[in-house]
Every structure is written in C-alpha cells, then in structure tokens.
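Okay, so here's the structure we're looking at.
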Amino acid sequence: MTASGEEILQVKDLYTSFISRHGIVQAVNGVSFSLKAGEVMAIVGESGSGKSVSCLSVMRLHQPHTSQISGEVYLSGENLMQKTEREMQRIRGNKISMIFQEPMTSLNPVYTIGKQLMEPLRMHRKFSKQKAYEASLEILRQVGIYPPQQRMSEFPHQLSGGMRQRVMIAMSLCCNPEVLIADEPTTALDVTIQAQIMDLMRQLTEQFRTAIILITHDLGLARELARRVMVMYNGVVVEEGELKAMFKDPRHPYTEGLLNSIPRLDQKLQRLSIIPGNVPGPFAELKGCRFHPRCRYRRPLCEEEEPVLTEAGKDRRVACHYPLGYFEADMAGGEVKQ
Amino acid sequence: MSERINKEDILVSVRGLKKHFQVGDNMLNRRWLKAVDGLDFDIYRGETLGIVGESGCGKTTAGRTLLRLEEPTAGEAIFEGEDIYSLPWRRLKKLRQKMQFIFQDPFSSLDPRLKVGDIVSEPLYIYGMGSRKERWEKAAELLRVVDLEDYALNRHPHQFSGGQRQRIGIARALAMNPSFIVCDEPVSSLDVSIQAQVMNLLQDLQEEYRLTYLFISHDLSVIKHISDRIAVMYLGKLVELADTDTLFEHPAHPYTRVLLSAIPDPFVEKKRIILEGDVPCPTELPSGCTFHERCYMAKPICSEQTPEFCEVETEHFASCHFAKKILTEYASPIKQ
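If you're matching them up, the sequences are chains V and B in order. Under our numbering, read the first sequence as residues 20 to 357, first letter to last. Under our numbering, read the second sequence as residues 27 to 362, first letter to last.
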C-alpha cells in the first residue's frame, strides 16, 4: 500500500506494550493517524496517556526484548515496521527525526556541539568533514546561535537551556527530514525562550515544509503551532480534528474537561472546573470506555462497551458513545442518534 | 474577594530584602550571585500575593529567605509586629508555627521512609504537642480536610500520585494552624486536571482558615487565577507590582508586556513580542536597568541609570524609566 496524495506519514492500528516485572503494560492501544507535508499536528494529553510512547514506537526506538509493537507505519509509502535495524538507522535522523524532551540530557556531554551536529551529515549524507562543518555552521546560524564558529567547539554544558534546545533542533533538521517529532520541546524552558523556539519552528515548517508532530501537555502551546490536534487518554485517541474548532466546541467529555480545567487569561473565574479522580495507572483494568470512571456524563453503556473513534461532524472524529451535543438534543426531546 | 482582604492590616512587610550567594571555589574566581537584590513589598492579611518570573530570577530564594530558611544578606521582614530576621532562634521557632511552606516537588519534599501519618503530624511532634495517638488523630483530620481518606495514614509517600502527594504536603503545612503560607510552585509538576483540583483546594482552605498566601509560580495563567496582586521579578528585583486586573489590563514594564505576550493560551489571540537572547548570567549583571540588553524599548539612559521601583499610579509599582509613557501610550498585549 502506498500513501495517497501528499500524505507523508501514515500510522495504522499502532499497539505498543511493555513487559515489566509486574506484568504487561498496554501503553498504546490502537492509534491511527496520518500527516501531510508541511502540516503540524499536536498530540495532547496528560502524563501517561501514551503520547511519547506512540511516537517512539513510530521511530522504533523501544528495546525490542522488553516491548511489543504491532501495527503499520508508512513513511512515504514504506512500511517502517518491516525494516531491519540497519535500515532503520539510515532512516532515523535522516527522513524522520526527533527533538527530545530534555535538552540537558539528550545531548552527549563529552562531545562538542560541532561533532554532534556533523555526525548525522557525515553518516546520512556522506559529507566530507569540511562540507559537514560548513553545513553545520549554516544551520546553527539559521536557528539563531551566535557566534556559530565558537559554539561548534563548545560542549553542551557551556550552553544555556534555550541554546541547547536550539542545537537539538539544528541537529534534527540538518538532514532536512520529512517528518519531525518534537516531544515536549519547550517544557524545560522559560516562557520567553519558549516563544523564541516556537517562532523558530514555525519558520522552519514554512521554509522546508517539514511535517511536525508536536507532543505536549500544554493546550496553549498546541494552539500556537498546530492546525490539527489529537487528544489521547490512557493509550487511546479520544478525539481528533481541526484545532480551533475542537477547542471552541469539544465533543469528548475529556477534551471538554481538559479545556475547562485550565485557568483562563481572558475570563475571570472564581473556581476552576475539575475532572474528578486521577489518571488511571498502567495496570488499571478498565472495562468499557477508559474515561468512564471520571466522566460526568457516563451512562450504563459506557461501563460495558469501549467506544470506537467515529466521524462526528466535519473534520472531527471522536471516541464516545454519547458525544457532547447529544445531550442537548436529548433534553430538547429531539432526535437521538447513537 | 475584596471582603477577604483588609488593606489596613499588613501581615508581612518586607523592606530591602537581599540574599547574595558566594560562588566560585577559590579566591580568584570568587563572585557574588545576587539572587535577591532589594525587594520591598507588603502582604495584606487574607490576600494571595503572586510572584512570577522566569527560572533563576530569584522567586524561590525570595520565598525561602522570607521565612528565614536562608539567612538574608540584608533587609527586614516584619511579621505580625516582629522582625523575622532579628529574632533569636527560640522566638523564631515559636513564630514559625504561623508561617509554613508548601514545596515545589511533591516527590522529594516528603520523607520516603516515613508513613504519611508521621509526615503530617511531624510539625506537632516538633512542637511537642499531644501523644502520638492524638497527633495521628489530628493528622487524620487534616487529611480529610485535603480530601484524602483515612487509609492514607498508614501508607508511604511512594504509594500516592503527584497530586495526592501535594495534598499531603498541604496537610502538613496546615498542621500548626498557620496564618501565612509560602506556596513555592505547588502545581507546576502536576497534570492540568490535577492542577485544577489542587488550586481549588488551596482557594477553599484560604476561605476557611483565613490564610494569606505568597504564591510563587512561573506560570502566568495560574498566577492570574489565584492571586489578588502580582509581583513580577526579573534577575533578583521586582520590576512591577500591581493588583491582578491592573497588571493584565495595563502593564507598565516592558518585561511584563513580554511575559504577557509569551503565554501560550488555547483561547486568546495575542500580539507577540519576541525577545532576543537569554537571561544574562546572574553573576555579571548588566549596568543600569538589568533588563536593558533584552528590552525592545531600551534607550541610552537605560544602560546608565538604574530605574527606581516607584509608584506609577495608585497601588501600581514599576521600575522602568518609561513606565508612565507605557501606561498612557500602549495597550495590553492581551485582548480582554
């Protein structure tokens, strides 16, 4: 099967589980999505919802003997799940690359910035040392690191957090990947630096038409950059669609709860509305809808049967037996469709 | 909200608070890191004063020094008529019953080897109150106040989630019936849905026990939600202090304007102001206004003269040479 039209990345029925001492943890349960060139999609959700794990699975970065991945991942028509580890190494950092959460720990402290930046160019592009050096200087300039010559010979600890994150971005972009996965790229940074990084990423999508998957727990950040958003809860996608429409009019009770629990800048609220209870732990056995114990709209069916992701309006898919909007129709005595 | 606060009744009054740390391991590279460099503010009884700023601006040091968890370099802090910094140890210990601290990290601020009952009742033990049984009864009562069940008493911290642990930390802070609590980033490490629960709890407790909070956070939307007044810090100094609505509707300092424009918000469209560069190294502060190197409005005077932290309009303080100009000429970057 090949990707249709412009679709660069297609993920189908991705399941990831880990084998641990205490049993098997189902971290991702049937996630499917696709991404077009130049598109930015955000994956939002609370910790433990499977955002990072699903993206690491796409890149096949899990330990093979403690994890099981199934499903299909097509990157420009090629199924990554059938590649050997050697072939994957040629793809990672070249066609699909990743910005990791912590810029402090994901750069190698014993190599200079220059060496780390040149490595992917030398490996994937087979650049000569001289050519790789010049290309690295150029990319450092593009991400706004001055003076690049001096920074090339420095070590990660000599750079500030924001600069390290820029270097990470430079590294992940130096081979012009088709897909960039940014896993909480600004979590460890201050708001003013965060604004700089977001601005930089926006420029890059426009310039290189890189498709970006932005993993974040910050709905505000998602709005800054992404046009589409996917909301995850406990390893499944609960709602997906166009971002602005979804934030204005969420269909899944979890999305609504998330949006309502953030303190608003534009409104004065006496109290925040909350989602009761906690995020279920990795070993929680949930029957029916995964969100039902915390859902204030739950009905008997929710405890019995797990809802599947279905179309709910224009450019929107939702996994709920009774998507919001259903109730208004119910109250008004209108037509109820299931 | 306004009934809660009595502006005549100042609970804590801080003047010229400084905390400098010595850095460098030998005589040649010894320098001073001015973590907190001259703070002046009052906290009214019953209010929540929010302190907001980027990492490394001295928010946490300010909170810790205020309660004398660090010895200050200079300054005074009058709490209920007594200067916290000049009190002898014995009297300070007594005064400390009324001042408590909620820590940032719920994972490292609870002793992993103690049971929750012992953690929550430890303040009572330190002050020699009651028998162990009585203390545990009080602990159970406190846990109910923060919406935890009694079974929590006999468990260890690792058996709880982040939000629950933060509740345990709050219960411990309440044990001595304090009147003043410094909350240092109490919700930063929590997920959004849990963050809302903890913030509601803090507000309920404030109503119920007439608490006064100093709420430290880097998150402006959290600060806006919970605070009555907000102080903005940059490199150890206050750059602006005003009540919440004033600060958001017409900020007077360029840095506050930058911060407001930088908050990602899922609902609001904003005009962004993107700053150049990083926060300068705190051991080598720029001359004049410490913000001038990154400021988009800087004029020659800014690198020469340090602006005074003064009242630009009633109850609205700012330290910028152009504060009055900004107030009259610029609108807030956030559309209300």
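All C-beta atoms, glycine included, are put in the ideal place defined by N, C-alpha and C. For clarity, every value in this text was computed on a predicted model and none was experimentally measured.
Backbone CA spacing between residue i and residue j [nearest angstrom]
i, j, result
"L288/V", "P204/B", "27 Å"
"D137/B", "I145/B", "7 Å"
"R141/V", "M107/V", "17 Å"
"Y93/V", "C74/V", "13 Å"
"L113/B", "L267/B", "28 Å"
"S53/V", "L199/V", "13 Å"
"I104/B", "N52/B", "36 Å"
"L273/B", "A241/V", "26 Å"
"M323/B", "K350/B", "13 Å"
"L285/B", "L246/B", "8 Å"
"G300/V", "G67/V", "8 Å"
"L261/B", "P295/V", "39 Å"
"A46/V", "L59/B", "45 Å"
"M251/V", "I158/V", "34 Å"
"L284/V", "I289/B", "9 Å"
"L244/V", "P269/V", "19 Å"
"R313/V", "H251/B", "24 Å"
"I164/V", "R170/V", "8 Å"
"E80/B", "D304/B", "11 Å"
"N279/V", "L80/V", "35 Å"
Coarse secondary structure for residue i, derived from DSSP in three states
i, result
"T332/B", "coil"
"M27/B", "For M27/B, the predicted structure reports a pLDDT of 49, less than 50, and the residue's modelled location is therefore unreliable. A value from the coordinates is still provided. M27/B falls in the coil class under three-state DSSP."
"L231/B", "helix"
"A338/V", "coil"
"A151/V", "helix"
"N48/V", "strand"
"A230/V", "strand"
"D210/B", "strand"
"V198/V", "strand"
"S71/V", "helix"
"A344/B", "strand"
"F127/B", "strand"
"L37/B", "strand"
"A357/B", "coil"
"S36/V", "strand"
"V172/B", "coil"
"V305/B", "coil"
"F241/B", "strand"
"M265/V", "helix"
Contact list for residue i against chain V, beta-carbon separation under 8 Å
i, result
"H251/B", "P282, R283, L288 and L291"
"Q48/B", "Neighbours of Q48/B on chain V: none; closest Cβ ~21 Å, over 8 Å."
"V218/B", "E65, H236, L238, L277, S280 and I281"
"I31/B", "What I31/B touches in chain V: nothing, since even the nearest Cβ is about 15 Å away."
"I360/B", "L284 and D285"
"G189/B", "N297"
"H244/B", "D209 and V210"
"V248/B", "P282"
"Q232/B", "None at all; the shortest Cβ gap to chain V is about 12 Å."
"Q185/B", "Under the 8 Å cutoff, chain V gives no residues; its nearest Cβ is about 11 Å from Q185/B."
Per-residue contacts from residue i into chain V (C-beta, under 9 Å)
i, result
"E167/B", "Those within 9 Å of E167/B in chain V number zero; the least Cβ separation is about 23 Å."
"E339/B", "Under the 9 Å cutoff, chain V gives no residues; its nearest Cβ is about 21 Å from E339/B."
"V40/B", "Those within 9 Å of V40/B in chain V number zero; the least Cβ separation is about 25 Å."
"S112/B", "Near S112/B there are no residues of chain V at all, since even the closest Cβ is about 36 Å away, more than 9 Å."
"Q192/B", "The premise fails here: Q192/B is roughly 12 Å from chain V at the closest Cβ pair, so nothing lies under 9 Å."
Chain V residues whose Cβ lies nearer than 7 Å to that of residue i
i, result
"Q223/B", "I293"
"N55/B", "Under the 7 Å cutoff, chain V gives no residues; its nearest Cβ is about 16 Å from N55/B."
"N226/B", "R290, L291 and I293"
Partner residues on chain B for residue i, Cβ-Cβ distance less than 7 Å
i, result
"L99/V", "Simply none; closest approach about 31 Å."
"A214/V", "A288, R298 and I300"
"D268/V", "Near D268/V there are no residues of chain B at all, since even the closest Cβ is about 12 Å away, more than 7 Å."
"D218/V", "I300"
"E243/V", "P290"
Cross-chain neighbours of residue i in chain B, by beta carbon under 8 Å
i, result
"S181/V", "Correcting the residue type first, residue 181/V is Gly in the shown sequence and not Ser. Neighbours of G181/V on chain B, chain order: D304."
- prompt: Can you find at least 3 beta carbon pairs, one from the segment 59 to 67 of chain B and one from the segment 332 to 339 of chain V, that sit closer than 8 Å?
  reply: No: fewer than three Cβ pairs fall under 8 Å.
task: Output, in sequence order along the chain, the residues in the segment 282 to 307 of chain B whose CB is closer than 7 Å to any CB in chain V.
output: Using a CB distance below 7 Å, the part of the segment 282 to 307 of chain B facing chain V consists of V284, L285, A288, I289, P290, D291, P292, F293, V294, R298, I300, L301 and D304, ordered along the chain.
message: Does the contact criterion of 3 or more C-beta pairs under 8 Å hold for the segment 178 to 193 of chain V versus the segment 210 to 220 of chain V?
response: Touching, per the Cβ criterion.
field: Short-range partners of chain B found in the segment 183 to 210 of chain V, where Cβ spacing is below 7 Å
entry: Residues D209 and V210.
query: Looking at C-beta atoms only, is the number of pairs between the segment 235 to 253 of chain B and the segment 203 to 218 of chain B that lie closer than 8 Å three or more?
result: Yes, they touch.
task: Would you list, in chain order, the members of the segment 62 to 92 of chain B that have their beta-carbon closer than 8 Å to a beta-carbon of chain V?
output: Result list: E80 and S81.
- prompt: Any contact of the segment 146 to 154 of chain V with the segment 115 to 126 of chain V, i.e. 3+ C-beta pairs under 8 Å?
  reply: No: fewer than three Cβ pairs fall under 8 Å.
query: Counting pairs of beta carbons, one from the segment 72 to 79 of chain B and one from the segment 220 to 238 of chain B, are three or more of them closer than 8 Å?
result: Result yes; three or more Cβ-Cβ pairs closer than 8 Å.
- prompt: Should the segment 145 to 156 of chain B be regarded as contacting the segment 186 to 203 of chain B, the criterion being three or more beta carbon pairs within less than 8 Å?
  reply: Output reads yes: the segment 186 to 203 of chain B touches the segment 145 to 156 of chain B.
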